[in-house]
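Quick note, this note's numbering runs 1044 ahead of the 1-based positions in the sequence shown. Notes follow once the structure below has been shown.
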Amino acid sequence: MTELMEYKFRHGENKARLRPIARRDWEKVVGWWNDPEVKRLFDVHFVDQTFADAEKWFSRTNSPDDEKHARSFIIEVFHENNWIGVGTAEFYNERPSHKTAEFGFLIGEMKWWGQGIGTETAKKIIQYGFKTLKYHRIGAVSAAYNVRSLNALQKAGFQIEGVRKGYVWRDGEYHDQIMMSVLDL
Ligand SMILES: CC(C)(COP(=O)(O)OP(=O)(O)OC[C@H]1O[C@@H](n2cnc3c(N)ncnc32)[C@H](O)[C@@H]1OP(=O)(O)O)[C@@H](O)C(=O)NCCC(=O)NCCS
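Shown next as structure tokens:
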């Protein structure tokens, strides 16, 4: 199994970790995907998702014969003496011969937004992507109105490389999508 990756957030006061995602997590994840507020910001899935969609998504991002190199993780925080799942972080659209992949993250439990978990998770997973999965380039996209995501990604080391004009339809209008990357230089 992939090692659990532990790290700190909120100026070192709290602990978080990344655990490879398992089938038992999918139901919770689908609930997060379908939360209207999360869905408005998370622009990978545009329509309501089902358990079958989770199965399709995670069997693509996590191949069962490659347990040592998980691509999809549950973000857990240590809270009141327990590890509780608050979100997901993953690599998708991997292109092995080019050593590139895209990174996506979400914190489905909103009370945990804005406390530094997103930034610290992105930093940790970038390290894992470069050192363990041997990626050369990690990309990420974010709707232009998703300020928290843009900030977290940039604080973790992503640089803006372009804008897809009018790429996201939300709240009755088109919005730009910001394209970012970090390279293993
Ligand atoms: C995007 C997301 C993963 C970021 O994680 P997070 O833990 O909330 O982010 P952080 O606490 O690390 O904050 C990042 C930065 O956003 C900014 N920020 C925080 N709260 C904010 C708010 N209410 N409004 C605007 N910006 C805010 C700050 O600049 C913060 O940096 P700081 O710590 O220097 O103040 C999380 O908010 C989330 O899951 N959102 C919904 C789904 C989503 O958008 N996924 C990403 C799609 S690409």
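Even glycine gets a Cβ: it sits at the ideal position worked out from N, Cα and C.
Taking 7 Å as the threshold (C-beta atoms), are Ser-1116 and Glu-1134 in contact? yes
Less than 7 Å between C-beta atoms, sequence neighbours within five positions excluded: which residues of the same chain meet that for Ile-1182? Ala-1145, Phe-1147, Ile-1170, Gly-1173, Ser-1225, Val-1226
Please give me, in chain order, every unbroken run of the beta strand (DSSP E) with length at least 3 that falls completely inside the stretch 1047–1078. 1049–1053, 1058–1064
When you compare each of Glu-1153, Glu-1120, Gly-1056 to Trp-1077 by their alpha carbons, which one comes out closest? Glu-1153
I want to check one thing, is the minimum distance from the CB of Leu-1085 to the heavy atoms of ligand 1 below 6 Å? yes
Is it the case that the stretch 1079–1087 contacts the stretch 1055–1070, given that we only count it when at least three CB pairs across the two stretches are under 8 Å? no
Whole angstroms is fine: what's the gap from Val-1212's alpha carbon to Thr-1105's? 23 Å
Excluding the 5 residues flanking Ile-1204 on each side, which residues of the same chain have their C-beta closer than 7 Å to its C-beta? Ile-1222, Met-1224
For Arg-1115, which three-state DSSP category applies? coil
With a cut-off of 7 Å, does the C-beta of His-1113 fall near any C-beta of chain D? Any reference to chain D falls outside this structure, which holds one protein chain only.
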